[in-house]
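Here's the structure, in structure tokens; my notes come after.
Numbering (the numbering used here), first residue to last: 10 to 624.
Encoded structure:
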């Protein structure tokens, strides 16, 4: 390992000191590793993924050897970038950590939704995030601590973390559990920066031991055996999903007895929030998922108290007939109300939308999606746009067997997704085009993990251009600040005028953006009549998101990408001017807990659920 690192360092110094020396990139690192592996047994080969953990270990435990390598700060930054595994993991500007809540009954019974009894509703045990959660008993602290450690070993900077909480409908869980879960997420990040590696391991092992003592399954084999009989009955329609969940996790079960420990109050959560404002690993975004019919003013007020900044909602379709056929007990009007409430509260709106549901056709899917991204009642900020996949044990199986539902052909699916992506406006981001469902779990439907690449290739062949955000992200590339231009995209929604401010390169790539909402006074007044505790008043604008792309930069440092170059500050200044010109008297921001200090430095003051600056 040391020889490989020394070889890489030698080439980096040559690149720095010798004119016209070849650039040292990932291919150069692979070449060095391959050369050092020559003559070694295949089972004893060196791998790139082990280089950065080894480097960290030597720097931490053998400082004399590390000093002998003669690495200055600039050289170390270049080395770390080279050793980083899967660099796109933090290319969006933050380190993302996805966690799952524990298995729990669901208030819905959608036709296509998986019924894996080992997981929260709609998730399957073989999905990567689900496997990680099951290994640590769905404990929020352990999920964050383990993932944080993995990202650090891969060479990623984890100063700024976006927490994504999956698990069906958030509000279906008891209030005490919701507060406890959020509190433990923050605790894990806070304590990770307060102790060394040995202490971190000890704390994690102590928590694991508690679950083992309680008898909670730990290995995949144990978990499968725990649920196998009930799962077989659910798949055969001999047992209802919620009845099976009650049998496995309800009264009298080990899980139910442990639930008494999985609760806390807001005072404890607020203590963790206060610590995270100055922690080494700060939360810059907290995301939960729910159903549109669970979006109420009371639920959103609680989410703000928890520190939530973005909500994922399962829309799936806006066609009333399609919703009904798929047992979605929703109406387009109720979905529109959820969008309105989320926007007025300042949340970023991340909609899930599905093609190929029962009763849909390619033409109908295209019309449905156009409505989502064009009708002022909706207009999400982000979309998960993916095809329906048939999973055993779902109600959709019967329709597959009798021929009333079939998966689209690849040609039909690509045609739908290309047209949908082309219709997506420049202020919306298509975050995903597939679910992480293993191919062996899919009875019928798309199994290609590179579906997005296929869509982009088909669009390129047809001369179709995409304007949605993810296609334009500057990613891990550097940003020439002098070449960036600030532009504003204005659009109207049912409850507010929106301004999407963006810094873009000459080729259209986006380096940073801001979402500014200018709520209509009548809509604010209506909501204040319905919900007396609504904290936003007439004449107040809202910053719903500020995002700067590029490789993650550590707090108060500059990266090779676009972060910490003043782009965010200048976006906020521009937003303040727009809001002032619109007649607003104050500007609110739905800040995450870990960004409060940043906004205080820009003149914002804490005001209840938000931070506010007088204009």
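Built from N, CA and C at the ideal position, the CB exists for glycine as well.
Asked, Found
"Which of helix, strand or coil DSSP assigns to residue 322", "strand"
"Supposed contact pair residue 523 and residue 498 - C-beta distance, whole angstroms, cut 8 Å", "Going by Cβ atoms, the distance from residue 498 to residue 523 rounds to 11 Å, so no, they are not a contact pair."
"Residue 538 vs residue 597 beta-carbon contact at 9 Å", "no"
"C-beta contact flag for residue 312 and residue 356 at 9 Å", "yes"
"Three-state secondary structure assigned by DSSP to residue 474", "coil"
"Three-state secondary structure assigned by DSSP to residue 395", "strand"
"C-beta atoms of residue 446 and residue 392 nearer than 9 Å", "no"
"Cβ pair count under 8 Å reaching 3, the segment 238-252 against the segment 158-170", "no"
"Between the CA atoms of residue 281 and residue 196 - distance to the nearest angstrom", "6 Å"
"Environment of residue 623 [buried if 16+ CB atoms lie within 10 Å]", "exposed"
"Own chain partners of residue 92 with C-beta closer than 6 Å, once the 5 adjacent residues on each side are dropped", "60, 61, 164"
"Own chain residues within Cβ distance below 8 Å of residue 221, not counting five before or after", "227"
"Cβ neighbours of residue 404 in the same chain (closer than 6 Å, five flanking residues each side left out)", "120"
"Among 410, 501, 455, 395, the one whose alpha carbon lies nearest that of residue 434", "501"
"Touch test, the segment 126-145 against the segment 101-118, Cβ-Cβ under 8 Å, three pairs minimum", "yes"
"Straight-line gap, residue 380 to residue 335 (C-alpha atoms, nearest Å)", "19 Å"
"Inter-stretch contact at 8 Å, needing at least 3 Cβ pairs: the segment 317-337 / the segment 263-277", "no"
"When 376, 349, 295, 354 are compared against residue 331, the one with the closest alpha-carbon", "376"
"Under the three-state DSSP convention, the category residue 621 falls into", "strand"
"Where residue 5 falls: helix, strand or coil (DSSP)", "Any property of residue 5 remains undetermined from this structure, which presents the chain solely from 10 to 624."
"Among 410, 608, 602, 611, the one whose alpha carbon lies nearest that of residue 295", "602"
"Closest residue to residue 299 among 353, 416, 383, 174 (Cα-Cα distance)", "174"
"Neighbourhood of residue 428 by C-beta, 6 Å cutoff - its chain only, sequence neighbours within 5 removed", "375"
"The segment 467-477 touching the segment 358-372, judged by at least three CB pairs closer than 8 Å", "no"
"Option in 231, 193, 239 with minimal Cα separation from residue 274", "193"
"Where residue 284 sits in the DSSP three-state scheme", "helix"
"Beta-carbon proximity check, residue 388 vs residue 348, cutoff 9 Å", "yes"
"Inter-stretch contact (C-beta, 8 Å, three-pair minimum) for the segment 448-464 and the segment 411-427", "yes"
"Any non-hydrogen atom of the ligand SAH within 8 Å of residue 306 CB", "Of the ligands one can find in the structure shown there are none, so the ligand SAH has no counterpart to examine."
"Member of 287, 353, 342 whose CA lies at the smallest distance from the CA of residue 384", "342"
"Buried versus exposed, by CB contacts within 10 Å (16 or more), residue 390", "buried"
"Own chain partners of residue 323 with C-beta closer than 6 Å, once the 5 adjacent residues on each side are dropped", "300, 361"
"Residue 369 versus residue 394: straight-line alpha-carbon distance, rounded", "15 Å"
"Assigned secondary structure, residue 365 (DSSP; H/G/I helix, E/B strand, else coil)", "coil"
"Contacts around residue 588, its chain only, beta-carbon distance under 8 Å, and the 5 residues preceding and following it disregarded", "525, 527, 550, 596, 624"
"Three-way DSSP call (helix, strand, coil) for residue 15 in this model", "helix"
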